[in-house]
Amino acid sequence: MESEVPIRLVLVEPPGGVDFAIQYGKGAEYECLHVQRRKQRDISFEFSVTVAENPKDGLPNFKGPFAQGPLGSRFIYVDVGTYAGQKNTQWSRRMKISLQGITWALIKKALSKPGYGLSASVAGTGKDGGPNCATVQLIAGWEIIKEDRDKSKR
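Counting in the working numbering, the sequence shown runs from 21 upward without gaps.
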């Protein structure tokens with residue numbers, strides 16, 4: 021059985037003047053969704069991923085246009101700068117946000133309450149002072165949150 025899991029991803033204090041987006045689709049045929057530039061302290065993205073049981077090991081198998089990578093090590097791409105469609109910027113980066121820490125216990129708990137989902141935060145700024153990139157570590161792991169109904173989702 022497949023389920024849709026609402027996700028909120030927060031970029032904490034990303035640098036200003038840079039566009040960030042969630043990658044929707046794979047390969048050369050992808051779209052940049054929810055393109056944002058920092059206005060306040062943080063940027064957040066809300067979207068859903070499909071999850072089903074991995075028939076080989078019973079672990080969560082994340083699927084759909086937001087889930088990237090091979091079975092067993094899926095992740096979300098955050099496109100940065102030119103990858104997010106921004107013109108006239110020096111930044112061409114992507115962040116990989118792992119879905120590995122999402123367990124069935126977290127999924128079941130989040131889906132048991134209407135209007136709830138999962139959230140994780142990552143540093144928006146890298147060690148070089150520019151936008152974070154490559155595989156980015158979660159600040160505190162995945163947690164259950166109440167969804168923000170005012171945000172648009174795809």
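All residues carry an ideal CB built from backbone N, CA and C; glycine is no exception.
All of these numbers come straight from a predicted model, not from anything done at the bench.
- Judged by DSSP in its simplified three-state form, alanine 125 adopts helix.
- Sorting Val156, Gly135, Gly121, Gly146 by C-alpha distance to the C-alpha of glutamate 163 places Gly121 at the top.
- For leucine 138 against valine 25, the beta-carbon gap comes to about 6 angstroms, under 8 angstroms, which counts as contact.
- For tyrosine 136 against isoleucine 165, the beta-carbon gap comes to about 7 angstroms, under 8 angstroms, which counts as contact.
- For proline 26, the uninterrupted beta strand (DSSP E) run begins and ends at 23 to 32, by DSSP.
- In summary, glutamine 106 is buried, with 16 or more beta-carbon neighbours lying within 10 Å of its beta-carbon over all protein chains present.
- Each residue's CA atom was taken as its position, placing arginine 94 and leucine 119 some 6 angstroms apart.
- Distance between threonine 102 and serine 132, taken at the CA atoms: about 39 angstroms.
- In this chain, the beta strand (DSSP E) harbouring glycine 137 covers 136 to 143.
- Annotation: the continuous beta strand (DSSP E) that includes phenylalanine 65 extends over 62 to 73.
- Contact check for alanine 104 and alanine 41: beta-carbon distance about 4 angstroms, within the 8 angstroms limit, so the pair qualifies.
- The C-beta distance from valine 100 to cysteine 153 rounds to 7 angstroms, short enough to fall under 8 angstroms.
- Within the same chain, and ignoring the five residues on either side of threonine 109 in sequence, the residues whose Cβ sits closer than 8 angstroms to its Cβ are Gly37, Val38, Asp39, Gly101, Thr102.
- Residue nearest to alanine 87 within the set Gly78, Ala72, Glu167, Asp77 is Ala72 (criterion: CA-CA distance).
- Under the three-state reduction of DSSP output, alanine 41 falls in the strand class.
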